[in-house]
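I have placed the structure first, in the form of structure tokens, so that the comments after it can refer back to it.
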DNA sequence: ACAGTATATTTCGCTTCGGTAATATATTGA
DNA sequence: TCAATATATTACCGAAGCGAAATATACTGT
């Protein structure tokens, strides 16, 4: 009946709203924008969205080295350099040489970096609450599970597979 | 019993794996990386992940103006300029002045830009299939719904609300 | 001891994105 | 007609990220 099978793409769609990649990217960028504005409005001029990941790691455990911070925040070492540069410039962290291993620099919170913790935590929680309004608990849990599954897929796919 | 109520954050968590913002951002960047490598391996050296949104719009309807492309791809006009610059440099599109309105430039696909459609569609479908393996249809639909809801929340929140 | 390898960090170049301001053209109202 | 306003695009700047290569230090086996 069908002389030539029509190419049936499962994921390729002309409608961006139907493309998971488009949606994920858009949400990521839009959320970043929201955080940026929220911080500015709260007078947290020294705080940028990208700092959050690093700060949350350091509030939990101060003095981590660059690589470890990158691992926890999901960023490449080369990305960390610029990020730490800006955070240092903005007075949130300092680089402290490690006497035990002269290759490593430990990243330490400054007074200011420690002090803003509660303010930031409140603001982040508030923003997340707005962004996630009308998303019930189950759907949120489901969202996180699916995203984690996708990350697993990607990491497995990029591993060296033996012959 | 509890003399001072402990601050119970609903979303603020020290564990990135539990933070929706972290997960969404990570998936977006990781997926971009996968596309980049896949295109390189397929010999599509002139194609970068960011081009996909624009190309998909143009394959659907050629000759759109910059602003309209940006609206459909979810990008600011100022972002479009550099993107179109690179796409033009890489031989995928051209800027054509619109005689009806001398402010606008219509973006047209080149021969090369049209020609790669099928190759790209196949590759994208393949990559998406790998990235979304172990994610069943319902979960994927749920994921998209939730992400769309979040985008709606963000856009509503940033609208000018009357006094 | 030392050559080879591994690890930590940086440097450099590039992409991708947003925000603000400038420029050019259209449109509209008085 | 012409001033005010609106729209389309670009220019410029900074942030944020990746990847390859360079540099410095540490470790390991012989």
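Residue numbers (this note's numbering), protein chains in the order written: chain G, 1 to 163; chain P, 164 to 326.
Glycine residues also receive a C-beta, built at the ideal position from the N, C-alpha and C atoms.
Name the chain G residues whose beta carbon is nearer than 7 Å to that of residue i?
i	result
residue 309 of chain P	135, 139 and 143
residue 172 of chain P	121 and 125
residue 235 of chain P	16
residue 243 of chain P	The premise fails here: residue 243 of chain P is roughly 14 Å from chain G at the closest Cβ pair, so nothing lies under 7 Å.
residue 216 of chain P	16 and 22
How would you list, in chain order, the residues of chain P whose beta-carbon sits under 9 Å from the beta-carbon of residue i?
i	result
residue 97 of chain G	Going along chain P, no residue has its Cβ under 9 Å from residue 97 of chain G, so there is no contact; the nearest lies around 26 Å.
residue 77 of chain G	Those within 9 Å of residue 77 of chain G in chain P number zero; the least Cβ separation is about 15 Å.
residue 44 of chain G	Per Cβ cutoff of 9 Å: no residues; residue 44 of chain G is ~15 Å from chain P at best.
residue 83 of chain G	Within chain P, no residue comes near residue 83 of chain G; the closest Cβ sits about 14 Å away, beyond 9 Å.
residue 58 of chain G	None at all; the shortest Cβ gap to chain P is about 10 Å.
Who does residue i pair with in a DSSP beta bridge?
i	result
residue 96 of chain G	G:106
residue 64 of chain G	G:107
Assuming the contact rule is C-beta atoms closer than 8 Å, residue i and residue j should be a hit. Round their C-beta distance to whole Å, please.
i	j	result
residue 179 of chain P	residue 72 of chain G	6 Å
residue 113 of chain G	residue 92 of chain G	4 Å
residue 316 of chain P	residue 149 of chain G	In fact, because the Cβ distance is near 24 Å, the residues do not count as touching under 8 Å.
residue 223 of chain P	residue 14 of chain G	4 Å
residue 209 of chain P	residue 281 of chain P	Actually they do not touch by this definition, with Cβ atoms about 16 Å apart.
residue 151 of chain G	residue 193 of chain P	6 Å
residue 94 of chain G	residue 100 of chain G	The pair is not a contact, with the Cβ atoms about 18 Å apart (cut-off 8 Å).
residue 207 of chain P	residue 279 of chain P	7 Å
residue 56 of chain G	residue 174 of chain P	Between residue 174 of chain P and residue 56 of chain G the Cβ distance is about 12 Å, and since that is not below 8 Å, they are no contact.
residue 157 of chain G	residue 293 of chain P	6 Å
Please compile the residues from chain P whose C-beta is within a distance smaller than 8 Å of the C-beta of residue i.
i	result
residue 151 of chain G	186, 189, 190 and 193
residue 34 of chain G	317, 320 and 321
residue 132 of chain G	174, 183, 313 and 316
residue 129 of chain G	173 and 174
So which residues on chain P does residue i lean against when the C-beta distance must stay under 7 Å?
i	result
residue 92 of chain G	By Cβ distance, chain P contributes nothing, its closest Cβ being about 17 Å from residue 92 of chain G, past 7 Å.
- What runs of the alpha helix (DSSP H), each 4 residues or longer, lie entirely inside the region 108-145 of chain G? 111-115 and 117-131
- Scan the region 66-90 of chain G and note each continuous alpha helix (DSSP H) run of 4 residues or more that stays entirely inside, going in chain order. 66-73 and 77-89
- Three or more C-beta pairs closer than 8 Å, one from the region 229-239 of chain P and one from the region 184-197 of chain P: is that the case here? no
- Validate contact between the region 181-193 of chain P and the region 239-256 of chain P using beta carbons, cut 8 Å, 3 pairs: no
- Spell out a yes or no on whether the region 97-105 of chain G and the region 280-287 of chain P are touching, meaning 3 or more CB-CB pairs, one atom from each, closer than 8 Å. no
- Task: Please confirm if the region 129-149 of chain G is in contact with the region 290-309 of chain P, defined as three or more CB-CB distances below 8 Å between the two stretches.
- Result: yes
- 4-residue-minimum alpha helix (DSSP H) runs that sit fully inside the region 15-50 of chain G, ordered along the chain: 20-41
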